[in-house]
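Residue 1 is where the sequence shown starts when you use full-length UniProt numbering, and the numbers rise one by one after that.
Note that beta-carbon positions come from the ideal geometry of N, C-alpha and C, so glycine has one too.
Only a predicted model underlies this, so the values are computations on that prediction, with no experimental measurement involved.
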Amino acid sequence: MSLFRNAVSARDSHIHTLRLACVILGILAAVSMGGWYMAPRDLTIRIPPDLRSGSTQKWWEVPASTVYSFGFYIFQQLNAWPKNGSGGLSGADCPTESLPDASLSGFSQ
């Protein structure tokens, strides 16, 4: 009979643990929702040229000057060559050495 009592006791203990976990998760969800509710509706964004005064704008509004400066930065990064590319390959590393000679290809100039 004690086997059944131990099984029932273990089941009740597990149910108690699960209920406690649900209560903790509920409290955590309530705190998270409260924090989300208390978050500011408007953010003060200070646009660089003059940091003494800022402008209040919605966070999804992007000024045109920011877009242009970002585009220029990306253009610079795409066109920057960290080292000279004309003399970098040599010997077996050069894939053009395995190509046939242009004079043997049958095309006349």
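With DSSP as the reference, label ALA7 as helix, strand or coil. Residue mapping note: residue 7 aligns to position 7 of the sequence shown, counting from 1. ALA7: helix per DSSP, three-state reduction.
Cα-Cα separation, ALA21 to TYR37:
Residue 21 sits at position 21 when you count from the first residue of the sequence shown. Residue 37 sits at position 37 when you count from the first residue of the sequence shown. Rounded to the nearest angstrom, the two C-alpha atoms are 24 Å apart.
**Prompt:** What separation, rounded to the nearest whole angstrom, lies between the Cα atoms of SER13 and VAL23?
**Reply:** Mapped onto the sequence shown, residue 13 falls at position 13. Mapped onto the sequence shown, residue 23 falls at position 23. Approximately 15 Å, taken between the alpha carbons.
**Message:** Please determine whether the Cβ atom of ALA30 lies at a distance below 8 Å from any heavy atom of the ligand MN.
**Reply:** Among the ligands in the structure shown, none appear at all, so the ligand MN cannot be discussed.
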